[in-house]
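For the protein sequence lines, the chains are A and B, in the order given. So the first sequence is numbered by this note's numbering: it starts at 1 and just counts up by one. So the second sequence is numbered by this note's numbering: it starts at 1 and just counts up by one. Heads up, the thing below is written out as structure tokens.
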Amino acid sequence: MESFRTMLSKAEVLDALQDVKDPEIPTISIVDLGIVTDVSVSEENFVLVKLTPTFSGCPALKIMETLVKERIEKLNVSGVSVETNFDVQWNTNMITDKGLAALNKHGLAPPERHSGLVQIEMLHKVKCPLCGSRNTEMKTPFGPTLCRSIHYCNDCLNAFEQFKPVS
Amino acid sequence: MSLSPGELKDVKEFLYKIADDQLIIGHRNSEWTGLGPTLEEDIAFSSIAQDKIGQSQHIYELLHAMGEKHPDTTAFTRNAADFRCSHLTEYPNGEYEFSLMRNFLFNHSEHIRFGMLSTSSVEQLAKLAKKYRGEIKYHVMHSDTWVKQLGRANEESHMRMQKALNDTFNLALGIFEESDFAEALRETKVFEGEQVLQNKWLEEISPILDSASLVIPNKNSWAPAYGGRKGQHTEYLQPLIEEMGAVFRLDPNAEW
């Protein structure tokens with residue numbers, strides 16, 4: 001338990017949430033993934049965290065809710081509530097630059113920024129996260145998890161995955 | 001927006017139509033898991049199933065917030081007559097091209113429907129619609145790609161795809177069965193109506209089928225498979241429901 005302070009700041013909560021990682025991609029925090037849509041702290045240090053799902057059918061969401069709760073309870077709070085809703089609809093532009101780098105570090109090609117509309121052309125010639133070449137092709141837009149597509153690099157001859165762009 | 005009791009009943013009925021379509025076609029897609037003609041297709045159908053069932057779940061949650069039962073109870077304990085899905089979604093998977101063509105026709109209708117609903121006066125539904133569109137875009141890309149490739153690949157693939165289109169087209173028209181409350185939903189700016197959707201759908205699928213050298217059946221032969229939206233279903237729905245909910249019903253109070 002941290003020492004008593006008058007009131008926890010939103011920044012402190014967000015900072016703590018940097019420790020909560022995507023269970024399937026342990027290099028990226030949920031803050032950098034862009035799924036923390038709101039944080040509020042009451043005068044009594046009761047914390048409300050709002051999340052939004054990456055994909056509607058993402059099975060990791062319940063786990064992330066639990067991880068958020070456990071992490072925030074370690075701060076000097078009177079209580080914590082985690083709410084998931086669609087008030088803000090997640091898209092891959094909400095991933096921070098730090099988040100994109102974290103995906104790349106995990107061996108996943110990060111999604112390219114889009115203008116609100118994802119076209120199939122965006123899935124071709126994706127930059128290989130292993131050698132940096134763009135001489136690549138998409139094999140299938142569906143991969144081991146809902147958020148990944150599968151690609152092949154014609155230069156380093158490796159298959160790789162992309163965290164696919166979603167609008 | 002605040003709804004009168006009558007309006008709320010209409011909106012709920014409308015939501016059941018959408019969610020039941022997604023749950024049932026999602027379940028059919030999941031039946032390809034382990035059986036897909038290639039590994040990539042196996043994964044594609046499984047992922048699409050996961051998306052569609054996940055999307056249906058959030059609509060059942062919205063219904064729950066409007067006073068209906070818990071999403072799991074709704075999904076797993078109703079009988080066929082309580083479902084509002086279209087016949088298209090109920091048919092067994094059949095050959096791969098049947099499942100593929102079904103997805104093609106359904107995905108486009110869904111993508112347009114959620115586009116229309118993204119400005120719905122039911123705010124929570126509009127939010128979900130915006131979210132779902134980005135996901136369904138990938139389903140549309142998947143079925144478009146294969147319809148175009150197989151429509152023109154060789155004689156056999158063309159013949160099979162044309163037969164699949166002939167077999168699914170009247171079923172797909174059943175998606176657009178109008179309900180008694182259609183006018184009320186239009187007036188309250190919930191949804192513009194199935195006929196508007198059907199026209200947009202035809203406009204969107206026609207050039208794609210054309211580029212695949214596939215021909216939409218002659219309008220004289222159109223016989224939409226209606227009934228699903230009123231709870232009248234094919235013989236295939238009840239067995240599907242029983243299989244889908246078998247584990248849940250073993251112990252409805254189990255903690256998962």
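We treat Cβ as the ideally placed atom computed from N, Cα and C, and that holds for glycine. Just so you know, these numbers come straight off a predicted model, no measurement behind them.
Does DSSP put residue i in a helix, a strand or coil?
i, result
"Met141 of chain B", "helix"
"Arg133 of chain B", "helix"
"Glu112 of chain A", "coil"
"Pro92 of chain B", "coil"
"Thr145 of chain A", "coil"
"His106 of chain A", "coil"
"Val49 of chain A", "strand"
"Lys125 of chain A", "coil"
"Met7 of chain A", "coil"
"Glu178 of chain B", "coil"
"Ile28 of chain A", "strand"
"Ala153 of chain B", "coil"
"Asp10 of chain B", "helix"
"Ile150 of chain A", "strand"
"Asp155 of chain A", "coil"
"Asp22 of chain A", "strand"
"Gly228 of chain B", "helix"
"Leu33 of chain A", "helix"
"Glu255 of chain B", "coil"
"Lys87 of chain A", "Checking the sequence shown, residue 87 of chain A turns out to be Asp, not Lys. The answer is coil: DSSP assigns Asp87 of chain A none of H, G, I, E or B."
"Glu232 of chain A", "The requested residue 232 of chain A does not occur in the structure, where chain A is confined to residues 1 to 167."
"Asn76 of chain A", "coil"
For residue i and chain B, any beta-carbon pair shorter than 8 Å?
i, result
"Asp32 of chain A", "no"
"Met1 of chain A", "With a pLDDT of 49 at Met1 of chain A, under the threshold of 50, the modelled position of that residue is not reliable, and the figure given next carries that caveat. Answer no: the Cβ-Cβ gap between Met1 of chain A and chain B never drops below 8 Å."
"Phe55 of chain A", "yes"
"Gly171 of chain A", "In the structure displayed, chain A extends from 1 to 167; residue 171 of chain A sits before or after that span and is not available."
"Gly143 of chain A", "yes"
"Val158 of chain A", "In the sequence as presented, Val is not what sits at residue 158 of chain A; that position holds Asn. Not closer than 8 Å to any Cβ of chain B, the Cβ of Asn158 of chain A fails to qualify, so no."
"Val166 of chain A", "yes"
"Asn93 of chain A", "no"
"Leu51 of chain A", "no"
"Lys125 of chain A", "no"
"Phe163 of chain A", "no"
"Glu70 of chain A", "no"
"Ile168 of chain A", "Residue 168 of chain A lies beyond the range of chain A shown here (1 to 167); nothing can be said about it."
"Val82 of chain A", "no"
Have a look at the options and flag the residue whose alpha-carbon is nearest the alpha-carbon of residue i.
i, options, result
"Ala225 of chain B", "B:Thr234, B:Lys219, B:Asn218", "B:Thr234"
"Met141 of chain B", "A:Ser133, A:Val166, A:Asp19, A:Lys127", "A:Val166"
"Asn218 of chain B", "B:Gly134, B:Ser121, B:Phe169, B:Ile24", "B:Phe169"
"His108 of chain B", "B:Met159, B:Pro37, B:Pro5, B:Gly134", "B:Gly134"
"Pro141 of chain A", "A:Arg134, A:Pro129, A:Phe160", "A:Phe160"
"Cys85 of chain B", "B:Ala19, B:Leu185, B:Met159", "B:Ala19"
"Ser213 of chain B", "B:Arg160, B:Asp180, B:Arg152, B:Glu110", "B:Arg152"
"Tyr138 of chain B", "A:Asn135, A:Glu137, A:Cys131, A:Cys147", "A:Cys147"
"Phe163 of chain A", "A:Asn154, A:Ser115, A:Thr145, A:Leu157", "A:Thr145"
"Leu33 of chain A", "A:His114, A:Ser115, A:Lys98, A:Glu65", "A:Lys98"
"Lys62 of chain A", "A:Met138, A:Glu24, A:Ser133, A:Pro129", "A:Glu24"
"Phe46 of chain A", "A:Arg113, A:Val77, A:Val39", "A:Val77"
"Glu70 of chain A", "A:Leu8, A:Lys139, A:Leu17", "A:Leu17"
"Thr37 of chain A", "A:Thr52, A:Asn158, A:Glu73, A:Glu12", "A:Thr52"
"Thr33 of chain B", "B:Val122, B:Leu209, B:Leu105, B:Ser99", "B:Ser99"
Taking 8 Å as the CB-CB limit, is residue i close to chain A?
i, result
"Lys148 of chain B", "no"
"Ala254 of chain B", "no"
"Lys17 of chain B", "no"
"Ser109 of chain B", "no"
"Gln238 of chain B", "no"
"Glu235 of chain B", "no"
"Lys137 of chain B", "yes"
"Tyr132 of chain B", "yes"
"Lys295 of chain B", "No answer is possible for residue 295 of chain B: the residues shown for chain B start at 1 and end at 256."
"Ala182 of chain B", "no"
"Met141 of chain B", "yes"
"His70 of chain B", "no"
"Gln47 of chain B", "At residue 47 of chain B the sequence reads Ser, which differs from the Gln that was named. Yes, its Cβ sits closer than 8 Å to a Cβ of chain A."
"Gln55 of chain B", "yes"
Along the chain, where does the beta strand (DSSP E) containing residue i start, and where does it finish?
i, result
"Leu185 of chain B", "No beta strand (DSSP E) contains Leu185 of chain B, which is instead part of the alpha helix (DSSP H) from 182-187."
"Ser40 of chain A", "36-41"
"Glu83 of chain A", "79-84"
"Gln162 of chain A", "159-163"
"Met138 of chain A", "136-140"
Hey, quick one: how far does the alpha helix (DSSP H) through residue i stretch, first residue to last?
i, result
"Phe55 of chain A", "No alpha helix (DSSP H) holds Phe55 of chain A; DSSP gives it neither H nor E."
"Ala11 of chain A", "10-17"
"Thr66 of chain A", "61-73"
"Gln238 of chain B", "237-244"
* At what residue ranges does the region 22-94 of chain B contain a whole run of the beta strand (DSSP E), taking only runs of 3 or more? -> None, since the region 22-94 of chain B contains no complete beta strand (DSSP E) of that length.
* **Runs of alpha helix (DSSP H) lying entirely within the region 182-226 of chain B, each at least 4 residues, in chain order** => Counting only runs of 4 or more, we get 182-187, 194-211.
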